[in-house]
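Student:
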Amino acid sequence: MKDRTTIPTREAAGTASVSPAGSNARKVFVKTYGCQMNVYDSQRMTDSLAEQGYVATETPEEADLVLLNTCHIREKASEKLYSALGRLRKLKDERAADGREMLIGVAGCVAQAEGEEIIRRAPSVDLVIGPQTYHRLPEALTRVGRGEKVVETEYAIEDKFEHLPAPKKERVRSRGVSAFLTVQEGCDKFCTFCVVPYTRGSEISRPVSQIVAEAEKLAAGGVRELTLLGQNVNAWHGEGEDGREWGLGELLFRLAEIPGIARLRYTTSHPRDMDDALIAAHRDLDMLMPYLHLPVQAGSDRILKAMNRRHTAADYLRLVERIRAARPDIALSGDFIVGFPGETAEDFEATMRLVREVDYAQAYSFKYSPRPGTPGADLLDHVDEAVKDERLQRLQALLTGQQQAFQAGMIGRTMDVLLEKPGRLPGQMVGRSPWLLPVIVGENPGEIGDIIDVRIIATGTNSLVAEAVAAESASMALDSINA
Ligand code: 5AD
Ligand code: SF4
0 MKDRTTIPTR EAAGTASVSP AGSNARKVFV KTYGCQMNVY DSQRMTDSLA EQGYVATETP
60 EEADLVLLNT CHIREKASEK LYSALGRLRK LKDERAADGR EMLIGVAGCV AQAEGEEIIR
120 RAPSVDLVIG PQTYHRLPEA LTRVGRGEKV VETEYAIEDK FEHLPAPKKE RVRSRGVSAF
180 LTVQEGCDKF CTFCVVPYTR GSEISRPVSQ IVAEAEKLAA GGVRELTLLG QNVNAWHGEG
240 EDGREWGLGE LLFRLAEIPG IARLRYTTSH PRDMDDALIA AHRDLDMLMP YLHLPVQAGS
300 DRILKAMNRR HTAADYLRLV ERIRAARPDI ALSGDFIVGF PGETAEDFEA TMRLVREVDY
360 AQAYSFKYSP RPGTPGADLL DHVDEAVKDE RLQRLQALLT GQQQAFQAGM IGRTMDVLLE
420 KPGRLPGQMV GRSPWLLPVI VGENPGEIGD IIDVRIIATG TNSLVAEAVA AESASMALDS
480 INA
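Just so you know, we're using numbering that gives the first Met the number 0 here: the sequence shown kicks off at 0 and counts up by one.
1. Excluding sequence positions up to five away, which residues of its chain have a Cβ less than 6 Å from the Cβ of Val-182?
2. Evaluate contact between the region 181-198 and the region 436-454, counting only Cβ atoms and requiring at least three cross-stretch pairs below 8 Å.
3. Does DSSP put Phe-189 in a helix, in a strand, or in coil?
4. Mind checking who Tyr-290 pairs with in its DSSP beta bridge?
5. Run the CB neighbour count on Asn-37, radius 10 Å, all protein chains shown included, and call it buried at 16 or more, exposed below.
6. Do three or more CB pairs link the region 367-385 to the region 310-328 at distances below 8 Å?
7. Can you grab the Cα-Cα spacing for the pair Ala-96 / Arg-309, in whole Å?
8. Could you compute how far the alpha carbon of Val-416 sits from the alpha carbon of Leu-287?
9. Give me the pocket residues for ligand 2, defined as CB within less than 6 Å of any heavy atom, sorted by chain position.
10. Kindly indicate the opening and closing residues of the alpha helix (DSSP H) around Thr-198.
11. Three-state secondary structure (DSSP) at Ala-360?
12. Going by beta carbon distance, what residues of the same chain come within less than 6 Å of Ile-455, once the five residues before and after it are set aside?
13. Looking at Arg-199 and ligand 1, is the gap between the Cβ and the nearest heavy atom below 7 Å?
14. State buried or exposed for Gly-52, treating a residue as buried only when at least 16 other CB atoms are found within 10 Å of its CB.
15. Given this structure, state the Cα-to-Cα distance separating Ser-123 from Val-149, to the nearest angstrom.
16. Please work out which residues of its chain come closer than 6 Å, Cβ to Cβ, to Pro-294, disregarding the five sequence neighbours upstream and downstream, and give them in chain order.
17. Under 8 Å between the Cβ atoms of Val-65 and Ile-118?
18. Please look up how many angstroms separate the CB atoms of Ile-278 and Arg-243, rounded, as I've assumed it's under 8 Å.
19. Looking at the strands, I want to know which residues DSSP matches up with Phe-365.
20. Quick one: grab the DSSP three-state call for Arg-43.
21. For Gly-372 and Phe-189, what's the separation of their Cα atoms in angstroms?
22. Enumerate in chain order the residues of its own chain whose CB-to-CB distance from Tyr-315 is below 6 Å, with the five nearest sequence positions on each side excluded.
23. Would you tell me roughly how many angstroms separate the C-alpha atoms of Gln-395 and Tyr-363, rounded to the nearest one?
24. Only counting runs of 4 or more residues, tell me where the alpha helix (DSSP H) segments fall wholly within the region 104-165, in order along the chain.
25. DSSP three-state call for Gln-183: helix, strand or coil?
26. Shorter than 7 Å, the distance from the beta carbon of Tyr-359 to the closest heavy atom of ligand 1, or not?
27. To which residues does DSSP link Gly-237 through a beta bridge?
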């Protein structure tokens, strides 16, 4: 069974692309698992490898280097790594039999969490590199080239934003008009179920000057929509250009001034860090899109306490009320965990009540999965798997219903859409609505990067179908002339 209520639109698995160099260049295949931060990191690693003469390829079969950028958030996510490594070992052996070498690298959160253990369990792996040490990737590969097995997971806190080179203009262009930008990494919240504070380390904010410089580079490369990333993005803070302490709200206002940037988003947030300035940004900054991912995880105060969320269900509901008062059309999205140790039927009903009360436009829900090293894993009263399944099913049915109602409510509405890529049929384009849903628009509505007005005429599976408003009024005008 799928453990998500929807196929996530922005959480992508796939390859990052690099423009071709010479035909005998070494080829790299990067596979990304997990969250948007990994998507961003994969792009950065691909950029850095391009500087080393690597060209991206779409299949592991033709790659000289296969890099798996892994996720450790739930058990299922890390198991995927070992099954992928099993398949790659066979490929590596076949290649070796042909006298060609294939290197295997493991990056991301499993790399950070398991380190050398990965090479012990999968000896065909040549390189293990954690997210805080990606700037050492070129040097690590040189060592691998000399025949060493390399494990790079140790870092000093100052290393964290010692990042890979900023993307070149042409490379930004090839990526499209909507880009991620990491502003914050790590987490100090220590929710008792979560590995992030261990894999991504303690919370650290990137300085304003670095963020602005990268945003300007992206804008110059044609990017129109920026999504600020952080495991706890709304905990971002730093010294502003005016010498005052800024929070994410102030940062968003600053980024809104960059010519070319038309839309801003951020993800993912903790309810405790939604401060007044950020809520004010939702009220006063039109460029900040009316969509907020605000995980609550559970609706029972007892479970929230056991999870160390440090807020109650009522706190969350009050916060939602304040955000909606500031931006009435905001769409809310959430994350939920069912079957945390000790969760009773009554606790679960409290989650269902909270969901009914909030009414989510989008949500991700998971069965609790004990992660080694987290306090939750040491709790004794684990919930039966069958009970978890049943609860997840009920919760997902409720969330799916809300999501469908939200999408159906879009029919007949006019909205602006940022055109991102060509659609499947000739003349079609795929864009994104302010509420994050992809929108398919027919009849050559404009160029990639244009923001156009459309009217929604139907819903697809997690997408909307629209017609361009200007095109429609033109055709209506023609009709009236012909009549
Ligand atoms: N088990 C199940 N779900 C988890 N998440 C994080 N850790 C776990 C775990 N151990 C979920 C949370 C988080 C999302 C990214 O993944 O809902 O918000
Ligand atoms: Fe994990 Fe909690 Fe930090 Fe989110 S806030 S990354 S769930 S510890």
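For glycine and all other residues, C-beta sits at the position ideal for the given N, C-alpha and C. These numbers come from a predicted model, not from an experiment.
Tutor: The structure says:
1. Here residue 182 refers to the residue found at position 183 when the sequence shown is read from its first residue. So the list reads Arg-205, Ile-210, Leu-227, Gly-229 and Trp-235, once near-sequence residues are dropped.
2. No: fewer than three Cβ pairs fall under 8 Å.
3. As a first step, residue 189 must be located in the sequence shown, where it is residue number 190. Secondary structure at Phe-189: coil, using DSSP grouped into helix, strand and coil.
4. What you label residue 290 is simply residue 291 of the sequence shown in a count that begins at 1. DSSP, once it has assigned bridges, lists Ala-330 as partnering Tyr-290.
5. Taking the sequence shown and counting its residues from 1, the one referred to as residue 37 is at position 38. By the neighbour-count rule (16 or more Cβ atoms within 10 Å), Asn-37 is buried.
6. No contact exists between the region 367-385 and the region 310-328.
7. Mapped onto the sequence shown, residue 96 falls at position 97. Mapped onto the sequence shown, residue 309 falls at position 310. If I take the Cα positions, the gap works out to 56 Å.
8. By one-based count along the sequence shown, residue 416 stands at place 417. By one-based count along the sequence shown, residue 287 stands at place 288. Answer to the nearest angstrom: the Cα atoms are 14 Å apart.
9. The filter returns Cys-186, Lys-188, Phe-189, Cys-190, Cys-193, Val-195, Pro-196, Gln-230, Asn-231 and His-269, in chain order.
10. Taking the sequence shown and counting its residues from 1, one reaches residue 198 at position 199. Its alpha helix (DSSP H) spans residues 195-198.
11. As a working note, residue 360 is residue 361 in the sequence shown. DSSP places Ala-360 in coil when its eight states are reduced to three.
12. For this step, residue 455 is matched to residue 456 along the sequence shown. Counting only residues of its own chain and dropping the five nearest sequence neighbours on each side, Ile-455 has a CB closer than 6 Å to the CB of Met-409, Ile-410, Arg-412, Leu-463 and Ala-465.
13. Your numbering for residue 199 matches position 200 in the sequence shown. Arg-199: no, Cβ never under 7 Å from ligand 1.
14. Position 53 of the sequence shown, counted from the start, is the residue given in the question as residue 52. Exposed is the label assigned to Gly-52, since fewer than 16 other Cβ atoms lie within 10 Å of its Cβ.
15. In the sequence shown, the residue the question calls residue 123 occupies position 124. In the sequence shown, the residue the question calls residue 149 occupies position 150. Between Ser-123 and Val-149, the C-alpha separation is close to 12 Å.
16. Taking the sequence shown and counting its residues from 1, one reaches residue 294 at position 295. Here the set comprises Gly-333 and Asp-334.
17. To locate residue 65, count along the sequence shown from 1; it is residue 66. To locate residue 118, count along the sequence shown from 1; it is residue 119. Here Val-65 is not near Ile-118, since their CB atoms are 8 Å or more apart.
18. Numbered from its first residue, the sequence shown carries residue 278 at position 279. Numbered from its first residue, the sequence shown carries residue 243 at position 244. At roughly 18 Å, the Cβ-Cβ gap does not stay under 8 Å, so Ile-278 and Arg-243 are not in contact.
19. For this step, residue 365 is matched to residue 366 along the sequence shown. DSSP, once it has assigned bridges, lists Ile-336 as partnering Phe-365.
20. By 1-based counting over the sequence shown, the position of residue 43 is 44. The answer is helix: DSSP assigns Arg-43 an H, G or I state.
21. Here residue 372 is taken as the residue at index 373 of the sequence shown, counted from 1. Here residue 189 is taken as the residue at index 190 of the sequence shown, counted from 1. Each residue's Cα considered, the two are about 11 Å apart.
22. The count along the sequence shown starts at 1 and reaches residue 315 at position 316. Non-local beta-carbon contacts of Tyr-315 in its own chain, meaning distances under 6 Å to residues more than five positions away in sequence, involve Pro-270 and Val-295 in chain order.
23. Residue mapping note: residue 395 aligns to position 396 of the sequence shown, counting from 1. Residue mapping note: residue 363 aligns to position 364 of the sequence shown, counting from 1. In this structure, the straight-line span from the alpha carbon of Gln-395 to that of Tyr-363 is close to 9 Å.
24. 107-113, 115-120 and 136-144, all fully within the region 104-165.
25. Locating residue 183 in the sequence shown gives position 184, where the first residue counts as 1. In this structure, Gln-183 counts as strand in the three-state DSSP scheme.
26. Walking along the sequence shown from the start, residue 359 turns up at place 360. Tyr-359: no, Cβ never under 7 Å from ligand 1.
27. On the sequence shown, position 238 is the one that residue 237 refers to. Under the DSSP definition of a beta bridge, Gly-237 partners with Trp-245.
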